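Taking the working numbering, I'd label the letters of the sequence shown as residues 57 to 234.
By construction, the Cβ of each residue, glycine as well, lies at the ideal position given by its N, Cα and C atoms.
Every value quoted in this text rests on a predicted model; they were computed, and no experiment measured them.
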Amino acid sequence: MAGTERAELLRQVDEAVRRVSAQSVLLTETVARLVGLNSTDLKCLDLLNLAGPTTAGRLAAHTGLTTGAMTAVIDRLERAGFVRRVRDTHDRRRVLVEALPSGIKRIEPLYRRIATTTAQLHRSYPDRQLTIVVDYLSRAYDLVSEHVAWLQTQPPVRQRPSRGRRTAPVGSAAQDSR
Numbered sequence: 057m058a059g060t061e062r063a064e065l066l067r068q069v070d071e072a073v074r075r076v077s078a079q080s081v082l083l084t085e086t087v088a089r090l091v092g093l094n095s096t097d098l099k100c101l102d103l104l105n106l107a108g109p110t111t112a113g114r115l116a117a118h119t120g121l122t123t124g125a126m127t128a129v130i131d132r133l134e135r136a137g138f139v140r141r142v143r144d145t146h147d148r149r150r151v152l153v154e155a156l157p158s159g160i161k162r163i164e165p166l167y168r169r170i171a172t173t174t175a176q177l178h179r180s181y182p183d184r185q186l187t188i189v190v191d192y193l194s195r196a197y198d199l200v201s202e203h204v205a206w207l208q209t210q211p212p213v214r215q216r217p218s219r220g221r222r223t224a225p226v227g228s229a230a231q232d233s234r
């Protein structure tokens, strides 16, 4: 593949990932509003549901939130009936947080339509291509997780761009190379 063709393909990948990411944020915001949560709480609940019972500290490390912020998230999720705290059966000193099936069942209907259409999309790809998609998304996830952890160490950006200067879209490769 020629350099310009590859550059165009990479631009398209970058743009597609950014579009999916933006829609994911909008989807999360909408579902969170419909179930009475904020988007951070809903995403933490999703990560907890994927991980299974885990400690608040581990979930905090996984999300990049402070342990204090994670405690507040868990408190809100617990009050809303989505999670519970339980003693670890192997170490009674440890407390685990687990997603409640009844809470997850309240949310599932809001994702059912997209799950059905996504399953249809999956059927249109052979396993070989899906393996590549899984590999790419897994690696991208690791990169983003590392970047979020790094961002958590950065001071807030308070300056506005100077007038007349055109900036690259947030998250673009062009912006990252500056």
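In three-state DSSP terms, what is residue i?
i: L82; result: helix
i: L199; result: helix
i: V69; result: helix
i: R141; result: strand
i: L152; result: strand
i: Q208; result: coil
i: H146; result: coil
i: V213; result: coil
i: L167; result: Note on residue identity: the sequence assigns Tyr, not Leu, to residue 167. Note: Y167 maps to helix in three-state DSSP.
i: A58; result: coil
i: A136; result: coil
i: Y181; result: coil
i: R74; result: helix
i: S233; result: Confidence at S233 is low in this model, with a pLDDT of 46, below 50, so the placement of that residue should be treated as unreliable; the coordinate-derived value is given next. Coil, per DSSP.
Please decide whether residue i counts as near chain B, where near means a Cβ-Cβ distance under 8 angstroms.
i: D102; result: Considering every chain present, this structure includes no chain B. It has just one protein chain.
Out of the options, state which residue places its alpha-carbon closest to the alpha-carbon of residue i.
i: V139; options: T174, L103 and T119; result: L103
i: L133; options: R62, A72, S158 and R148; result: S158
i: V129; options: A175, I160, K161 and L93; result: L93
i: V73; options: P165, V200, Q208 and R214; result: V200
i: Y197; options: A58, T119, E71 and T209; result: T119
Suppose only complete runs of 4+ residues qualify. What are the alpha helix (DSSP H) ranges in the region 79–131, listed by chain order?
95–107 and 112–119
Can you confirm whether the region 102–110 touches the region 154–168 when touching is taken to mean that 3 or more C-beta pairs between the two stretches lie within less than 8 angstroms?
yes
Is there contact between the region 158–171 and the region 180–192, where contact requires at least three CB pairs shorter than 8 angstroms?
With the cut-off at 8 angstroms, the region 158–171 and the region 180–192 do not touch.
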